[in-house]
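*Asks:*
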Amino acid sequence: MEPNSSADAVAASVAAESVARLTALFRNQSKFHLGGKENWSISSELVDFLLKTLHPGQATLETGAGFSTVIFAMFRCRHICVCPDVGEMERIRSFCAGNAIAMDTVTFINEPSQIALPKLQMGELDLVLVDGGHGFPVPQIDWFYTSYALKIGGLSVIDDIELWSCHILSAFLKKETGWCSLGDIGHRTAVFEKTESFDYKEFCDQPYVVEKSRMRSLVLKARRVLSLIGSGNLGELRHRIKKLSA
Ligand SMILES: C[S@@+](CC[C@H](N)C(=O)[O-])C[C@H]1O[C@@H](n2cnc3c(N)ncnc32)[C@H](O)[C@@H]1O
9 MEPNSSADAV AASVAAESVA RLTALFRNQS KFHLGGKENW SISSELVDFL
59 LKTLHPGQAT LETGAGFSTV IFAMFRCRHI CVCPDVGEME RIRSFCAGNA
109 IAMDTVTFIN EPSQIALPKL QMGELDLVLV DGGHGFPVPQ IDWFYTSYAL
159 KIGGLSVIDD IELWSCHILS AFLKKETGWC SLGDIGHRTA VFEKTESFDY
209 KEFCDQPYVV EKSRMRSLVL KARRVLSLIG SGNLGELRHR IKKLSA
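All letters in the sequence shown, in the order written, are residues 9 to 254 by the working numbering.
(1) How big is the Cα-Cα spacing for T113 and T71?
(2) Please tell me whether, using a cut-off of 8 Å, the distance from the CB of S49 to the nearest non-hydrogen atom of ligand 2 is below it.
(3) In the structure shown, what three-state DSSP assignment does E201 receive?
(4) Closest by CA to V146, which one among V90, A230 and K182?
(5) Measuring alpha carbon to alpha carbon, tell me which residue in H41, A110, G240 and Q122 is nearest G141.
(6) Secondary structure at S76, three-state DSSP: helix, strand or coil?
(7) Helix, strand or coil, according to DSSP, for E244 in the structure here?
(8) Quick one: measure Cβ to Cβ for E119 and A157, integer angstroms, because I've assumed they're closer than 8 Å.
(9) Quick check on T203: buried or exposed, where buried means 16 or more other Cβ atoms within 10 Å of its Cβ?
(10) DSSP has F116 in a bridge; who is on the other side?
(11) Return yes when the Cβ of L242 is within less than 9 Å of the Cβ of L236, no when it is not.
(12) Quick check on the burial criterion: 16 or more other C-beta atoms within 10 angstroms. Buried or exposed for T185?
(13) Could you check where the alpha helix (DSSP H) with T61 kicks off and where it finishes?
(14) Counting only runs that start and end within the stretch 124-211, where is the beta strand (DSSP E) found for 3 or more residues in a row?
(15) Hey, could you find the ends of the alpha helix (DSSP H) A230 is sitting in?
What follows is the structure, encoded as C-alpha cells:
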C-alpha cells in the first residue's frame, strides 16, 4: 500500500491534501441516496482513514456508492463501484461533473454485488470497501469474492459493524489466519490486511467457527442433561455419563 518512490510519495501527499480540502467542502452537500433525499455516507473517521491510505492510481473496489465513490474518484484510483442503484450513479456523476471532479478512472457496475462479483474480472486490488447491501450474507459475499482479487498486503474495509451481519464478518476475520486486524475506525468500521493468499477453508480450519461451534455443542449437551433430569430419565443420564467418562 506504500507508494514506490519519493516522487510517488510527494504526489500522494499533494493528492491527499487537495482531496481533504475538497472533502471538507463537499461532504455535507451531497445527498446521493434514497432518490436524492438522504446521505448515508461513510463516517468522518473513515473519510480521514481513506485520505491517509489512498494513493493515486491504486486499484480499488467498493460495494455500494456515495460520497466514498467521490473520494476514490478525487484520488484518481482505478476504481470499480458495484451498486444496483442507477439513480445514485447518475447523481454521483452529475455531482462530480458540477464540481470538476474527473470520473474517468471510475467504472460503475449497476448490479447487486451478489450477482456481479462472482462473474467480475477485478484484476489485482489494493483496497476494498464493503459497504453495499447489509442484509446477511451480502457483506460476506462481498468480502469473499473480493478477497481473491485483493493483493497480499491489501486492505479489506468492512463498514457498519454495528449491524450483526457485518459484525460477525469482522469478528470472524479477527480470529482468521491470513488476515491481520488493523483495528476499528470509530465505532462503525473494521480494517483487515490480507496476509496470505486467499481461498475457501472448511469450517474446521476456521478458528472462529470452531470456537463458536464448541460453545454451541456444550450448550446443547447441557440442555440435554437438564431435559433428562426434568423428565426423570436418570437411567439414560447415568448411561450417558458413563459413556462420557469411558
Ligand atoms: C450505506 S450506503 C453506501 C454509502 C457510501 N459508501 C457513501 O460513502 O456514501 C449503501 C449502498 O449500498 C447499495 N446497495 C444496496 N444493496 C446492494 C447490493 N445488493 N449490492 C451492492 N450495493 C447495494 C445502496 O444502493 C447504497 O449505495
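Each residue gets a CB set at the ideal place from its N, CA and C atoms; glycine is no exception.
Quick caveat: nothing in here was measured; it's all calculated off a predicted structure.
*Replies:* Quick look at the numbers:
(1) Using only the alpha carbons, I get a separation of about 16 Å.
(2) Ligand 2 is not part of this structure, which contains only ligand 1.
(3) In the three-state reduction of the DSSP assignment, E201 falls in the strand class, which pools E and B.
(4) Per the Cα distances, V90.
(5) Of H41, A110, G240 and Q122, the residue nearest in Cα terms is Q122.
(6) S76 sits in a helix when the DSSP states are folded into three classes.
(7) In the three-state reduction of the DSSP assignment, E244 falls in the helix class.
(8) At roughly 17 Å, the Cβ-Cβ gap does not stay under 8 Å, so E119 and A157 are not in contact.
(9) It counts as exposed.
(10) Note: F116 is bridge-paired with C89 in the DSSP secondary-structure output.
(11) Contact: yes.
(12) That one is exposed.
(13) Boundaries of the alpha helix (DSSP H) harbouring T61: S52 to T61, taken from the DSSP string.
(14) Taking only runs of at least 3 residues, the beta strand (DSSP E) segments lying wholly in the stretch 124-211 are 133-138, 158-167, 187-193 and 197-202.
(15) According to the DSSP assignment, A230 belongs to the alpha helix (DSSP H) that extends over P215 to G238.
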